[in-house]
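Some notes on the structure that comes next.
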Amino acid sequence: QTVTALIVAAGSGSRLGGGIAKQFRPIGGKAVLAHAVDALASHPAIDAVRVVIGQGQEEMAGQALGQRDVGELIIGGAERSDSVRAGLTAIDCDVILVHDAARPFCPPQVIDRLLAALEKHQGAVPVLSIPDTIARAGETLGVPLDRTDAVRVQTPQLFRLADLSDAFARWTGPSPTDEATVARAAGLTIAAVEGDVRLDKLTGPADWARAEAMLAARLI
Ligand code: CTP
Ligand code: MG
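If you read the sequence shown in UniProt numbering, its first letter stands for residue 4, the second for the next number, and so on.
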C-alpha cells in the first residue's frame, strides 16, 4: 500500500500574528513547514509528502521548502477543511495521513502507532488526556464535565484515501475542524492512539516560545 502525507499549510496564522504566516517562519533556522515535511518524509513507511498552500503563498512556500520533494504544490481554500478537500482531489494513494503544518515536530513513534492501528480500525488519530478541570463555557461557568470523558485530538490523522474522500463527499455539517469528525460521522471506526505534546499545534505566541525552547533543549 502507498502512504502519502498531506500537509495543510494554507492558513494565514492570524492568531500568532506578526506579518508572515507561521508555517513559513523559521524555528531554529528552519521554516515550520520544512520541519513538518522533514518529520513525515523521514518516516520509512511514508512514500510521498504533498503540501497545500494558499493562493499567493507560492513564493513563501518555495523559500520555506527549498529543494524538498513535495511534488506540485496544491492550492487550498478559505477554511482548513477546504484545503483538505483540495488535497484529497489532488493526490492518489492508498493511505493518507492528514497533518497540520503548524505542528512541526512529529515523533516517528506516533506514526508507528497510527499505522499499526489501521490494521484493526478504519482510521487512527493521536489523542492526549486533558490535565485541567473541564467545564461548560459561558459568562458564568457552567457545569463541570468529567475530564476522563474527554481527550484532545491532534494530527496526523490516518485513513484510507477512498474512505476519507467518501466521508467528505457525504459531510453536510458546518466546516469541520478535523478529518476524524467527518470520518466518524460517516460511520468509520477510528482508533485513538497515544499522542505526544511535541505535536501540539503552534497557535499563539506562547506556543511559539514553547516550540523554540523544545528545539533548543534538544527535546525534538
Ligand atoms: N490551514 C489551511 N487552510 C486554511 C486554514 C488553515 O491549510 N484555510 C492550515 C494551517 O496552515 C495550519 C492548520 O491548517 O497548518 C491548522 O490551522 P490553524 O492553526 O488554525 O492555522 P491558521 O488558520 O493559519 O491560523 P489562525 O486560525 O490563527 O489564522
Ligand atoms: Mg485557523
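From the three backbone atoms N, C-alpha and C, an ideal C-beta is built for every residue, glycine too.
Could you compute how far the alpha carbon of ARG187 sits from the alpha carbon of VAL200? 24 Å
Is GLY14 near ligand 2, going by C-beta to nearest heavy atom under 7 Å? yes
Going by the beta-carbon positions, is the gap between LEU91 and ARG53 smaller than 8 Å? no
Ligand 1 heavy atoms versus the CB of GLY22: any closer than 7 Å? no
Where ARG106 falls: helix, strand or coil (DSSP): coil
GLU182 burial status per 10 Å Cβ neighbour count (16 or more: buried): buried
Hey, VAL6 and ILE49: beta-carbon distance below 8 Å or not? yes
Who are the Cβ neighbours of SER178 in its own chain at under 8 Å, not counting the five residues just before and after it? GLU82, ARG83, SER84, ASP85
Go ahead and label THR70 buried or exposed: buried means 16 or more other beta carbons lie within 10 angstroms of its beta carbon, across all protein chains shown. The question names Thr, yet the displayed sequence has Gln at residue 70. That one is exposed.
Below 8 Å, can you find three or more Cβ-Cβ pairs linking the stretch 22-31 to the stretch 200-219? yes
What are the start and end residues of each continuous alpha helix (DSSP H) run of 4 or more residues lying completely inside the stretch 128-212, in chain order? 164-173, 182-188
Would the beta-carbon of ARG83 be found less than 7 Å away from any heavy atom of ligand 2? yes
Return the bridge partner residues of VAL73 from the DSSP annotation. Answer is none; VAL73 lacks a bridge partner.
Determine whether the beta carbon atoms of PRO129 and GLN112 lie at a separation below 8 Å. no
Using 10 angstroms around the beta-carbon of ARG18, count the other beta-carbons present and answer buried if the total reaches 16, otherwise exposed. exposed
So what's THR5 in DSSP terms, helix, strand or just coil? coil
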